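Residues 0 to 202, numbered by numbering that gives the first Met the number 0, are exactly what the sequence shown covers, in order.
Here a beta-carbon is modelled for each residue, glycine too, at the ideal position from N, C-alpha and C.
Quick caveat, the model's predicted, so the values are computed rather than measured.
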Amino acid sequence: MQQDLHARTLAFAAICHAISQVQQLARYGRLDEQQIADSLGAIMVTDPDKVEDIYDPHKLAPGYRTLIDQIGDGSRKDVDMTRYIVGVLALERKLSANKSALGMLGERISQVKRQLHHFEITDSQVLANLSSIYSDVISPLGAKIQVVGSPDQLQQSSNQNRIRALLLAAVRAAVLWRQLGGKRRQLMFSRSAMVKTATQALR
Numbered sequence: 000m001q002q003d004l005h006a007r008t009l010a011f012a013a014i015c016h017a018i019s020q021v022q023q024l025a026r027y028g029r030l031d032e033q034q035i036a037d038s039l040g041a042i043m044v045t046d047p048d049k050v051e052d053i054y055d056p057h058k059l060a061p062g063y064r065t066l067i068d069q070i071g072d073g074s075r076k077d078v079d080m081t082r083y084i085v086g087v088l089a090l091e092r093k094l095s096a097n098k099s100a101l102g103m104l105g106e107r108i109s110q111v112k113r114q115l116h117h118f119e120i121t122d123s124q125v126l127a128n129l130s131s132i133y134s135d136v137i138s139p140l141g142a143k144i145q146v147v148g149s150p151d152q153l154q155q156s157s158n159q160n161r162i163r164a165l166l167l168a169a170v171r172a173a174v175l176w177r178q179l180g181g182k183r184r185q186l187m188f189s190r191s192a193m194v195k196t197a198t199q200a201l202r
């Protein structure tokens, strides 16, 4: 049970990490290239043996901190972040119930994998492809996630592509969270256990 909690908390931290990067981009246009590469790389891992094949826990410190801020008892909760998380979890549920969308998603990810033989995952062409996957396959499934931030940042097509690609990464993490037994009610009734696990992961 403890191992399950550890894996679920890691997956939820990955959701938080991807969404916190969306927020940084939308507000300030700032992003760490290695962090975005780590989040997007997880989308490409489609046949893992264990959770750590998808996410390196040592690279998820920002996600663990965001998790603690959002569901802990402190005063650092961010309303936009909460809204994004709820939106991503809702889209994941729609995706998991839609076999046609899942099939299309698998095909499109395979195309990106072929693209990665020639380009880095943060290359503008790959980001545009990941962005279009989110726009074409994920976004139409449910209520659109309205990203708020600086108009100057949100109007840049390169930032739009990064944001959509990171939302796709967040949905990928949400799929894993659900596969590991994650349920929305745990965010209310198991908050303290998740926060404790996240805190231990940061040590």
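Between the CA atoms of residue j and residue i - distance to the nearest angstrom
| i | j | result |
| --- | --- | --- |
| Ser8 | Ser123 | Correcting the residue type first, residue 8 is Thr in the shown sequence and not Ser. Roughly 31 Å between the two C-alpha positions. |
| Val21 | Phe118 | 22 Å |
| Ile108 | Asp135 | 12 Å |
| Arg113 | Leu104 | 14 Å |
| Leu94 | Val111 | 19 Å |
| Leu39 | Ser19 | 14 Å |
| Asp77 | Tyr83 | 10 Å |
Which listed residue (the options) has its alpha carbon closest to that of residue i
| i | options | result |
| --- | --- | --- |
| Arg190 | Asp151, Asp72, Gly62 | Asp72 |
| Leu4 | Gln154, Met193, Thr198 | Met193 |
| Ile137 | Lys76, Ala169, Ile18 | Ala169 |
| Ala17 | Gly180, Leu166, Ile42, Ala200 | Leu166 |
| Gln33 | Ala41, Arg26, Gln155 | Ala41 |
| Leu101 | Gly181, Asn160, Arg171, Leu24 | Arg171 |
| Thr121 | Gln155, Arg161, Arg82 | Arg161 |
| Arg202 | Val50, Val44, Asp52, Pro56 | Pro56 |
Exposure label - residue i; buried when at least 16 CB within 10 Å
| i | result |
| --- | --- |
| Ser130 | buried |
| Gln178 | exposed |
| Glu91 | buried |
| Pro150 | exposed |
| Tyr133 | buried |
| Arg64 | buried |
Contacts around residue i, its chain only, beta-carbon distance under 7 Å, and the 5 residues preceding and following it disregarded
| i | result |
| --- | --- |
| Trp176 | Arg7, Ala10, Phe11, Ile14 |
| Leu88 | Ala173, Arg183 |
| Leu186 | Ile70 |
| Lys58 | Asp37 |
Residues of its chain near residue i, where Cβ-Cβ distance is below 8 Å and the 5 sequence neighbours each way are ignored
| i | result |
| --- | --- |
| Asp79 | Gln22, Val147 |
| Thr196 | Leu4, His5, Thr8 |
| Phe188 | none |
Other residues of its chain near residue i: CB distance less than 6 Å, five sequence neighbours each side excluded
| i | result |
| --- | --- |
| Arg75 | Asp68 |
| Gly141 | Ala89, Leu90, Lys93 |
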